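Beneath this line is the structure, given in structure tokens, with notes to follow.
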Amino acid sequence: MYASPPDRSSATDLAELSDQCVLCGLCLPACPTYRVARTEAESPRGRISLIKAVAEGTLAADAGSAAAHLDHCLGCLSCERACPSGVQYGRLLGLHRERTAPVPDRQQRLLYALVARPRLLRGLAWLSHCLGLSHWLAPLARRRPAAGGWRRWLAQIPPLPSTAGLSPPPASGERGRIGLFLGCTASAFDRDTHAAARRLLVALGYVVVEPRGQGCCGALAQQAGHREAAESVAASTRQAFVDSGVATVLICASGCYAGLRDLALSGSGIAVREIGEFLAADTQLAALTFAPSTRRAAVHRPCSLNNTVRAAAAVPALLAHIPGLELVELPEQPRCCGAGGSHFLRHPAQADALRDERLDPLENSGASLLLTSNIGCRLHLANGLRERGHAVEVLHPVTLLARQLKARTTPPTPPVSRDAGAP
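Sequential numbering from 0 applies to the sequence shown in numbering that gives the first Met the number 0.
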């Protein structure tokens, strides 16, 4: 059974979009799943052929191996960046999944229910932390690395991050009100990043607005082809920010950018910006003083930051404000870590193989920090490091910058505004 019935117009659109591909194969080296599997069906070119066959009716949408190959795609869009013909692979994949996605199964329904209720998700994360679930279940995950879904997720629940030392500075004056999107999973496991964003934004003179009622951006459901569920979970976020009156909303998780821009806040007139890109473009950042650091930090560029936000250059620009910090780029950037939204839950073997490609060179880099701008990548990479027994700290670049913030050479600026309420 399909989440929405296939229709002729979408089949025509899919066939036309598929015909944009000239089968040159220049996308293959950029594709993470092709790099692991080395089979045509696990490449963008192969998937486009499968989508076209389904659209034209020569292949059933639920044909076993074909459906699996299409489901394996992480939607990283590295192929789209590499394509000389400008094939709209992201749109093609999205239309196909919307047209053929089965109704959400029990696990997906539970996931969508959780992301729609960030407060409940935070409570469960706190309870898991108190009960030490990851401590008890981690050995099981190591013995059964292919353990699927929720067992794997429960075994890998990370410690709740500390926000110590990230309080906003005293402030006065105002440069304007700006919204901060907290997300669903990130509201529990990226709290330090949000605290860091507040600290830097307040130091720069902004009033930070975090409206009560905001939740998920809808990306997880949208990526699975469940458009209706995506719109449902994103509705509260849209209403919260529209009611807040802000003109711009900042996201800290680059994986939420497209969901917020194209779904939750689409047509609202509210601009969506990524926090690193926004800060790097603020000329007032030069008025802040940052303490030096002698640490070596490796940088992982999330696919979403590189291919969707297209702001990967903001990370080194931001971190250049920290004197003495040594940055190490992981080789062959950008390269997918395998997180891919909920992909690491549904396809753990593939996700772990891709993660190993990131962690193997990290071990030889001498870095004590790993910086990444997306919560999914952060959790997936941190879990891999814990499994390997390595004490490398995984942070958002903005968190490191906020930790080093010392003072401002010009008068201070306004505090966080709670006029709209924080969730």
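We put the beta carbon where it would ideally sit given N, CA and C, even for glycine.
Since the structure is predicted, the reported quantities are computational estimates derived from the model, not experimental observations.
Nearest candidate by alpha-carbon position, reference residue i, set the options
i      : options                           : result
Leu370 : Gln238, Arg294, Gly388 and Glu386 : Arg294
Ala252 : Glu328, Pro291, Gly268 and Ala187 : Ala187
Val241 : Ser267, Asp191, Gly254 and Ser9   : Ser267
His379 : Val327, Gly365, Gly340 and Val397 : Gly340
Leu344 : Asn382, Ala401, His299 and Arg309 : Asn382
Gln332 : Asn306, Val206 and Leu317         : Asn306
Cys255 : Ala239, Gly244 and Arg272         : Arg272
Pro101 : Ala81, Ala297, Ala66 and Cys335   : Ala66
Ile177 : Ala185, Leu249 and Leu199         : Leu249
Thr99  : Ala62, Leu109 and Gly89           : Ala62
Ala352 : Tyr33, Arg260 and Cys23           : Tyr33
Leu264 : Ala239, Ala286 and Ala280         : Ala239
Leu123 : Asp104, Thr184 and Glu79          : Thr184
Ile374 : Ala338, Val245 and Arg37          : Ala338
Leu219 : Leu262, Asp355, Ala297 and Val308 : Leu262
Asp281 : Ala313, Gly388, Ser161 and Glu328 : Ala313
Arg108 : Ala223, Ser17, Gly85 and Ser48    : Ala223
Pro301 : Leu400, Leu73 and Arg37           : Leu73
Pro83  : Leu25, Arg377 and Leu110          : Leu25
Gln87  : Arg105, Asp18 and Arg260          : Asp18
Arg377 : Arg354, Asn363 and Glu362         : Arg354
Leu110 : Arg260, Arg334, Gln221 and Gln283 : Gln221
Arg402 : Ser235, Ser231 and Leu165         : Leu165
His342 : His71, Val35, Arg260 and Leu126   : His71
Chain D contact for residue i (CB, 9 Å cutoff)
i      : result
Asp104 : Looking for chain D here will not work: only one protein chain is present.
Separation of residue j from residue i, as counted between CA atoms
i      : j      : result
Asp359 : Arg46  : 29 Å
Pro424 : Gly214 : This structure cannot settle anything about residue 424, because the visible part of the chain is limited to 0 through 422.
Leu91  : Ala112 : 27 Å
Pro396 : Gly212 : 27 Å
Phe180 : Glu209 : 7 Å
Ala196 : Thr398 : 7 Å
Ser372 : Arg121 : 21 Å
Ala233 : His193 : 20 Å
Ala316 : Glu276 : 9 Å
Leu384 : Val207 : 33 Å
Arg237 : Gly365 : 43 Å
Ile274 : Arg80  : 22 Å
Leu258 : Arg309 : The residue asked about is misnamed: residue 258 is Gly in this sequence, not Leu. Whole-angstrom Cα-Cα distance: 15 Å.
His299 : Ala290 : 23 Å
Val21  : Gly85  : 10 Å
Ala145 : Leu119 : Caution applies to Ala145, whose pLDDT of 48 falls short of 50 and renders its modelled position unreliable; the model cannot decide the point.
Leu16  : Leu304 : 25 Å
Leu400 : Glu386 : 27 Å
Ser472 : Leu49  : Residue 472 is absent from the model: the chain starts at 0 and stops at 422.
His389 : Asp191 : 21 Å
Ala59  : Cys336 : 31 Å
Ser161 : Ala311 : 26 Å
Thr38  : Thr288 : 51 Å
Asn363 : Ala286 : 36 Å
Ala40  : Gly182 : 34 Å
Ala163 : Leu69  : 43 Å
Arg334 : Leu361 : 13 Å
Gln106 : Ser235 : 22 Å
Val502 : Asp189 : Summary: the structure shown does not reach residue 502, with the chain confined to residues 0 through 422, and so no result is reported for it.
Leu284 : Ser292 : 18 Å
Val35  : Ser243 : 45 Å
Arg260 : Pro103 : 24 Å
Ser171 : Ser231 : Annotation note: pLDDT 49 at Ser171 (below 50); position unreliable, no value reported.
Gly89  : Leu126 : 37 Å
Cβ-Cβ separation, residue j to residue i (assumed contact under 8 Å), whole Å
i      : j      : result
Gly204 : Arg174 : 4 Å
Leu199 : Leu368 : The Cβ separation is near 18 Å, so there is no contact.
Val201 : Pro168 : 6 Å
Thr247 : Ala279 : Contact doesn't hold; Cβ gap of about 15 Å is too wide.
Pro493 : Cys75  : No information on residue 493 is available, as it lies outside the stretch 0 to 422 that the chain covers here.
Arg357 : Leu326 : So it is not a contact: roughly 16 Å between Cβ atoms.
Open item on the list: Quick test of the definition: if touching needs 3 or more C-beta pairs under 8 Å, does the stretch 222-242 touch the stretch 346-355?
Closed with: no
TODO: Would you mind listing the alpha helix (DSSP H) stretches within the stretch 51-110 that are 4+ residues and don't spill past its ends, in chain order?
DONE: 63-71, 77-81 and 88-99
Open item on the list: Under 8 Å, with one C-beta from each stretch per pair, do the stretch 29-38 and the stretch 47-54 reach the 3-pair mark?
Closed with: no
Open item on the list: Three Cβ pairs or more, each shorter than 8 Å: is that satisfied between the stretch 318-337 and the stretch 385-393?
Closed with: no
Open item on the list: Pairs of beta-carbons, one from the stretch 86-106 and one from the stretch 9-27, closer than 8 Å: are there three or more?
Closed with: yes
TODO: Enumerate, from N- to C-terminal direction, the unbroken alpha helix (DSSP H) stretches of 4 or more residues contained entirely within the stretch 241-281.
DONE: 274-280
Open item on the list: Please give me, in chain order, every unbroken run of the alpha helix (DSSP H) with length at least 4 that falls completely inside the stretch 310-353.
Closed with: 313-318 and 342-345
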